[in-house]
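What follows is a short report on a single structure.
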Amino acid sequence: MQLNGVDIKDTYAEAFGIKVSRLLVTAATKKLALVAATEATGYGTSVIGCPAEAGIDGYVSPLETPDGRPGYTIMICNSGKKKLDHELLERIGMGILTAPTTAVFNALEDTEEVLKAGFKLKFFGDGYEKEVEVGGRTVQSIPIMSGDFLVESDFGMKDGVAGGNFFILADSQMNALVAAEAAVDAIYEVPGTITPFPGGIVASGSKVGCNEYNFLNASTNEKMCVSLKEEVVESEIRKDVNGIYEIVIDGIDEESVREAMKQGIKAACTIPGVKEISAGNYGGNLGAYKINLRDLF
Numbered sequence: 000m001q002l003n004g005v006d007i008k009d010t011y012a013e014a015f016g017i018k019v020s021r022l023l024v025t026a027a028t029k030k031l032a033l034v035a036a037t038e039a040t041g042y043g044t045s046v047i048g049c050p051a052e053a054g055i056d057g058y059v060s061p062l063e064t065p066d067g068r069p070g071y072t073i074m075i076c077n078s079g080k081k082k083l084d085h086e087l088l089e090r091i092g093m094g095i096l097t098a099p100t101t102a103v104f105n106a107l108e109d110t111e112e113v114l115k116a117g118f119k120l121k122f123f124g125d126g127y128e129k130e131v132e133v134g135g136r137t138v139q140s141i142p143i144m145s146g147d148f149l150v151e152s153d154f155g156m157k158d159g160v161a162g163g164n165f166f167i168l169a170d171s172q173m174n175a176l177v178a179a180e181a182a183v184d185a186i187y188e189v190p191g192t193i194t195p196f197p198g199g200i201v202a203s204g205s206k207v208g209c210n211e212y213n214f215l216n217a218s219t220n221e222k223m224c225v226s227l228k229e230e231v232v233e234s235e236i237r238k239d240v241n242g243i244y245e246i247v248i249d250g251i252d253e254e255s256v257r258e259a260m261k262q263g264i265k266a267a268c269t270i271p272g273v274k275e276i277s278a279g280n281y282g283g284n285l286g287a288y289k290i291n292l293r294d295l296f
């Protein structure tokens, strides 16, 4: 199968289940909202080494926010309820409460469970906190030096999907990079999804386990390293490929992840020099979701 002359490999992306919470961060200006959203989602590329997977979902107009100010939705993902609640408390407390003019609202409706991070955070007010209503929502108002910080008591949590992915193989590193950036831009338009790696792009694709060092639970994917394609016997890289990037996607459900993969691949395949689209899987040993690339189209 080809898309715009690009080979779509007959393989699948292996994704896994994860707990997801979605927040709306608002501020006096779009710039300040973005600063807070960025801080709150930092160090959140992969649960291989980070305490959570996190990213910015999208921009929200002042016409659509509870307080009539610009905002960004962000997603925080973790393996369990307790861990996710802890991450929300720390990331809101250290990344958003500390930022100028911010407020935080729940952005995940019809959820399966509730996290109490906002309620726990109210105690920072040292007894001066109070409940107020904003846009029909009951929120905690916490006095801080510059005014009051507003945060909803409860945040929704649901079962989501992490690790949706695809590889972009191109004739050069720069063409692969341009295609990866185009893919990330397209995925940004799909609500309920994030690309948690730096700039949305994975430069260091990994595999489960390690061939040489038994103390590592993940290591470089040597079969997809361009500098090793003449050295590794089982290399999966074509002779005309000299640049590879991976896109990893987390979402609120499988449907959202599939749509994000579809739109990202379509965008990548418009870039000259892209030769092939592939995906990462581990023989079904990592996760329960198997998203076949060709089934997306």
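Using numbering that gives the first Met the number 0, the letters of the sequence shown map in sequence onto residues 0 to 296. Note that beta-carbon positions come from the ideal geometry of N, C-alpha and C, so glycine has one too.
Nearest to residue i (by Cα), restricted to the options the options
i, options, result
"residue 244", "256, 282, 275 and 139", "275"
"residue 226", "251, 203, 214 and 212", "203"
"residue 90", "283, 63 and 24", "24"
"residue 97", "143, 4 and 40", "143"
"residue 265", "134, 128 and 167", "167"
"residue 130", "230, 146, 152 and 114", "152"
"residue 117", "134, 267 and 95", "95"
"residue 288", "272, 253, 273 and 295", "253"
"residue 133", "189, 125, 127 and 148", "148"
"residue 150", "59, 15 and 26", "26"
"residue 197", "176, 188 and 285", "176"
"residue 146", "127, 154 and 158", "127"
"residue 42", "231, 3, 93 and 62", "93"
"residue 174", "8, 239 and 115", "239"
"residue 163", "221, 115, 5 and 199", "199"
"residue 4", "169, 30, 99 and 281", "169"
For residue i, three-class secondary structure by DSSP
i, result
"residue 0", "coil"
"residue 122", "helix"
"residue 184", "helix"
"residue 144", "coil"
"residue 250", "strand"
"residue 292", "helix"
"residue 235", "coil"
"residue 18", "strand"
"residue 84", "helix"
"residue 28", "coil"
"residue 38", "helix"
"residue 191", "coil"
"residue 275", "strand"
"residue 160", "strand"
"residue 266", "helix"
"residue 53", "strand"
"residue 48", "coil"
Beta-carbon gap between residue i and residue j smaller than 8 Å
i, j, result
"residue 251", "residue 186", "no"
"residue 76", "residue 52", "yes"
"residue 28", "residue 277", "no"
"residue 179", "residue 269", "no"
"residue 110", "residue 156", "yes"
"residue 171", "residue 272", "yes"
"residue 165", "residue 12", "yes"
"residue 46", "residue 78", "yes"
"residue 0", "residue 293", "yes"
"residue 101", "residue 161", "no"
"residue 54", "residue 72", "no"
"residue 15", "residue 215", "no"
"residue 70", "residue 64", "yes"
"residue 205", "residue 217", "yes"
"residue 246", "residue 189", "no"
"residue 120", "residue 88", "yes"
"residue 61", "residue 86", "no"
"residue 221", "residue 232", "no"
"residue 195", "residue 37", "no"
Residues bridged to residue i [DSSP beta-bridge criterion]
i, result
"residue 219", "205"
"residue 244", "167"
"residue 149", "102 and 140"
"residue 132", "137"
"residue 77", "18"
"residue 113", "155"
"residue 13", "289"
"residue 6", "1 and 275"
Cβ of residue i within 8 Å of any chain D Cβ
i, result
"residue 184", "Absent from the structure is chain D; it holds one protein chain and no more."
Open item on the list: Does the contact criterion of 3 or more C-beta pairs under 8 Å hold for the stretch 136-143 versus the stretch 212-228?
Closed with: Cβ pair count under 8 Å is below three, so no.
Open item on the list: If contact is defined by three or more beta carbon pairs under 8 Å, each pair taking one atom from either stretch, is the stretch 105-119 in contact with the stretch 9-27?
Closed with: Here the stretch 9-27 lies against the stretch 105-119, with 3 or more beta-carbon pairs under 8 Å apart.
TODO: Would you be able to state if there are at least three C-beta pairs under 8 Å between the stretch 253-264 and the stretch 206-220?
DONE: no
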